[in-house]
Amino acid sequence: MPTAPLTHDLRMSGRGAFYSFSFDLGPDLDLVRLANKLLKKDMATVAASPSRDNLRVSSHLAQIDRRHREYERFVEFLDVLYSDGPIDFVRLFRLNWKSTLKIVWLGRRLLAPIILRRILLGQKPPRSTAEDESGEPTNVPESDSDMPEAIRKSRQDLAGTVDKIADVLEDHHMLGALRLRLEQQMYFPRYYLRSEPFIRLEMNKAYYTDISHDKEPIHISLMIHRSGICIMTFAMPIARQFGLDEGYQYLQARMRRLDQLQISLPIIGHHDPLPRGLHFRSYTEAEVREGHKWAIFSNNTEEVNSPKLSMLIAFYIYLNAVQKVARRQISSEWRCNTTLFQGKPQCGCSGAHAKEHHASQFAQLMVRARSPMPVTDEIREDLLRNYLMNSDQELWLSPGCAIHTFWEREDINYVSDIETVIPIESAILQYRQLEAIDQRTVHVSIRDRELFAAQKQLATGLPEYGRNLMTDINAPLVVEGMASRLRTSELYDRLNDRVKVLESVVNTRYTRKQSRRSLAVSFIGLIIAVLLLPPRIKELMDSLSKLSPTHSLVNEVNSFFNAPDRATVAIYILAIAFTVVVFATMTIRFSLPWCSMTRWLRARRLRWPKRNFGYVTKRDVVVERIARTLPGGIEDSTADDAPPDPFPEY
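Anchor point for the sequence shown: position 180 equals 180 in UniProt numbering, and the numbering is continuous, going up by one each time.
As structure tokens, this is what we get:
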């Protein structure tokens with residue numbers, strides 16, 4: 001590599017960018033129902049949960065899978081039909097019973113004597129020369145010589161179609177399940193085995209065109225957490241080389257300019273209204289791709305003040321589609337955290353020298369400043385602090401962005417990038433959960449139910465906060481570093497203090513209510529004791545019978561109970577019952593029977609069967625992490641108590 005001049009601009013090799021948008025759909029979100037709707041409306045392709053082993057797919061993928069099995073069985077049907085040995089009608093019937101019945105009907109005159117000879121004389125058909133070791137006919141054609149030319153060509157075309165459909169299904173399942181399978185390995189099982197913390201969906205891909213890419217895919221993943229917090233991640237490539245200005249644009253979603261954006265119509269159909277000021281057209285029927293029609297957005301060059309197409313507009317389209325399906329609006333503002341992946345320096349500097357020589361420019365990228373921003377040496381060192389244990393790569397963190405650098409590599413590795421993003425998004429999830437509680441408890445006129453919900457969520461509704469749940473050796477450092485940047489612990493302490501103050505206010509309010517209730521009960525008891533004593537009831541009835549306004553009423557009461565004495569006893573019993581009901585209503589708290597049943601099940605760790613979402617699929621993705629040599633030439637141990645491999649391969 002030639003020696004770089006003393007003064008030169010920063011040039012890095014680009015690997016990719018992840019835009020993690022976090023938003024809150026509110027508490028009590030039914031994540032299973034939302035995932036089911038997204039899959040059945042073909043807005044997502046594959047979904048799964050870490051607590052479940054199987055994958056769930058959309059209606060479109062389920063239909064493709066059914067067609068693939070049908071075509072595969074028909075190819076096998078042709079192979080069995082035109083095999084060298086005797087025709088195995090039982091196997092043909094299992095593969096395609098309709099076609100088998102048609103063949104039997106058309107060849108009934110030839111088959112009838114063979115069937116009668118088999119029934120009457122017990123003679124078996126001659127054994128085929130193509131037999132396996134067990135003596136059974138293989139029913140697999142050794143050549144296509146006996147097959148008619150038209151059928152042979154149709155079989156070849158159909159077999160090619162089967163292979164293409166299989167590739168499409170594998171591609172969709174790989175992209176949809178890869179991240180979830182990685183999360184299942186990066187999280188300890190204690191995090192997801194007893195509960196369902198989240199459901200992850202692979203949304204329909206989008207395609208973009210810019211100055212360095214033409215119709216490149218954007219992989220979009222949606223994580224729906226049980227707390228209502230959702231994280232939508234847009235993963236896309238960037239230019240193979242970029243400088244300071246391009247890096248500034250990559251680190252901000254609104255500055256990530258696009259020339260053209262293609263989004264499938266299932267997503268557009270749930271977005272209303274469409275972005276204004278952009279050119280919009282849709283594909284024709286002949287241009288259907290991946291089973292969907294597509295909408296194309298491009299910049300409007302005729303209007304000067306029209307909005308520019310960017311990643312932010314793509315997020316708005318997907319966000320509004322999710323809100324419409326969930327029938328909820330986000331309860332607070334959304335946040336975006338960008339993770340930029342860069343590789344080997346392209347300006348002539350080596351890895352260590354590039355960080356030292358371009359420290360001010362890297363710090364400028366970390367603060368996302370367009371122009372050079374003078375910072376102190378301490379701030380610069382803090383911005384460029386490495387949160388990885390590796391020596392060949394670095395990860396710098398800030399509240400709104402992160403930059404990952406491979407000093408000696410420039411290849412694109414989507415799997416390793418996901419491994420880097422997962423702990424970052426875990427820290428963002430913890431912060432957003434606390435922020436949602438802060439949003440609900442900041443109001444002065446908070447209700448008792450809201451306070452109790454906030455207390456419950458702080459105590460038991462944060463399974464990720466303050467726990468080491470990841471097996472990767474770098475993940476705890478990244479989570480703690482991102483939490484310190486976001487000041488998550490300070491927010492948690494402030495929420496605890498606020499909840500304690502609100503609890504004292506609520507207790508005071510509850511005490512005052514109880515005092516008023518006790519006073520009301522005492523007053524009612526006094527009235528009943530004074531007015532409705534048994535010896536006084538008959539005197540009261542006699543007095544009322546002598547009065548003209550109440551004479552008829554007393555006579556009707558006496559006639560209803562057939563005697564004045566019975567009326568007196570009935571009124572006394574009603575008074576006692578009314579006193580008991582009022583006292584029970586004011587002082588006793590009732591518990592519904594199904595609430596007691598839920599507590600009984602929870603105490604015994606019993607759960608209702610999990611609800612399903614989407615459609616079942618028999619395909620799956622397995623990710624294996626192969627151990628490599630650790631730094632210093634030490635081989636990684638395979639024992640159960642061995643530390644996780646910080647340099648996994650797949």
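For each residue, glycine too, the CB sits at the ideal point set by N, CA and C.
One or two residues paired with residue i in a DSSP bridge
i, result
"Met-203", "Ala-44"
"Ser-264", "Trp-294"
"Gly-14", "Gln-342"
"Thr-405", "Gln-342, Glu-394"
"Ile-437", "Beta-bridge pairing links Ile-437 to no other residue."
"Asp-24", "Ile-229"
"His-219", "Ala-235"
"Ile-224", "Ile-199, Cys-230"
Spatial distance of residue i from residue j (CA atoms)
i, j, result
"Leu-193", "Asp-210", "43 Å"
"Gln-241", "Gln-249", "14 Å"
"Gly-48", "Ala-35", "What sits at residue 48 in the sequence shown is Ala, not Gly. Ala-48 and Ala-35: Cα-Cα distance of roughly 9 Å."
"Asp-167", "Leu-92", "27 Å"
"residue 651", "Arg-611", "Residue 651 lies beyond the stretch modelled for the chain, which goes from 1 to 650, so this question has no answer here."
"Gly-348", "Leu-175", "36 Å"
"His-8", "Glu-410", "20 Å"
"Gln-346", "Ala-354", "10 Å"
"Ser-504", "Tyr-510", "10 Å"
"Trp-334", "Ile-231", "10 Å"
"Gln-184", "Ser-99", "45 Å"
"Ile-418", "Leu-495", "32 Å"
"residue 655", "Glu-480", "Nothing about residue 655 can be read from this structure; the chain reaches only from 1 to 650."
"Ala-235", "Arg-432", "21 Å"
"Asp-438", "Asp-497", "11 Å"
"Arg-152", "Val-616", "34 Å"
"Leu-477", "Thr-338", "19 Å"
"Asn-474", "Ile-238", "25 Å"
"Gln-63", "His-292", "13 Å"
Cut-off 8 Å between Cβ atoms - residues of its own chain near residue i, not counting five sequence neighbours on either side
i, result
"Val-367", "Met-373, Val-375, Leu-383, Ser-398"
"Leu-244", "Asp-9, Leu-10, Gln-361, Gln-364, Leu-365"
"Val-325", "Leu-34, Lys-37, Leu-38, Lys-41, Met-43, His-270"
"Ala-570", "Phe-561"
When the options are compared against residue i, the one with the closest alpha-carbon
i, options, result
"Asp-472", "Leu-495, Thr-511, Ile-424, Val-46", "Ile-424"
"Ala-613", "Gln-430, Thr-511, Asp-42, Leu-365", "Residue identity differs from the one stated: residue 613 is Phe in this sequence, not Ala. For the residues Gln-430, Thr-511, Asp-42, Leu-365, the minimum Cα distance to Phe-613 belongs to Asp-42."
"Val-442", "Ser-489, Ile-418, Val-499, Pro-476", "Val-499"
"Leu-169", "Thr-45, Val-288, Thr-233", "Thr-45"
"Gln-156", "Phe-234, Tyr-71, Arg-200", "Tyr-71"
"Met-186", "Asp-542, Gln-361, Ser-518, Ile-422", "Ile-422"
"Glu-408", "Gly-351, Glu-356, Glu-464", "Gly-351"
"Val-580", "Glu-539, Ser-522, Met-236, Ala-62", "Ser-522"
"Arg-485", "Val-415, Trp-396, Gln-433", "Trp-396"
"Met-203", "Arg-190, His-213, Leu-222, Val-80", "Leu-222"
"Asp-177", "Pro-189, Pro-50, Glu-290, Ile-268", "The identity of residue 177 in the sequence shown is Ala, whereas the question assumes Asp. Ala-177 has its Cα closest to that of Pro-50, out of Pro-189, Pro-50, Glu-290, Ile-268."
"Val-288", "Ser-264, Phe-297, Ala-314", "Ser-264"
"Tyr-572", "Leu-540, His-551, Ser-545", "Leu-540"
"His-225", "His-68, Leu-182, Asp-28", "Asp-28"
Neighbour-count burial assignment, residue i, 16 or more Cβ in a 10 Å radius
i, result
"Ser-310", "buried"
"Thr-508", "exposed"
"Ser-426", "buried"
"Arg-73", "exposed"
"Ser-13", "buried"
"Ser-266", "Going by the sequence as given, residue 266 is Pro instead of Ser. That one is buried."
"Arg-56", "buried"
"Arg-200", "buried"
"Val-554", "buried"
"Pro-197", "buried"
"Asn-562", "exposed"
"Lys-513", "exposed"
"Lys-164", "exposed"
"Val-501", "exposed"
"Ser-22", "buried"
"Thr-233", "buried"
Close-in-space but distant-in-sequence residues of the same chain around residue i (CB under 6 Å, 5 per side omitted)
i, result
"Tyr-207", "Lys-215, Pro-217, Gln-262"
"Phe-406", "Gly-343, Gln-393"
"Gln-420", "Reading off the sequence, residue 420 comes out as Thr, not Gln. Correct list, in chain order: His-404."
"Tyr-191", "Leu-469"
"Met-255", "Gln-249"
Short CB-CB distance (under 8 Å) between residue i and chain C
i, result
"Pro-564", "The structure shown has no chain C; it contains just one protein chain."
7 Å Cβ shell around residue i - same chain, five flanking residues per side excluded
i, result
"Gly-26", "Gly-228, Arg-328, Ser-331"
"His-172", "Thr-45, Val-46, Leu-61"
"Leu-180", "Ala-48, Pro-50, Arg-200"
"Leu-544", "Thr-550, Val-554"
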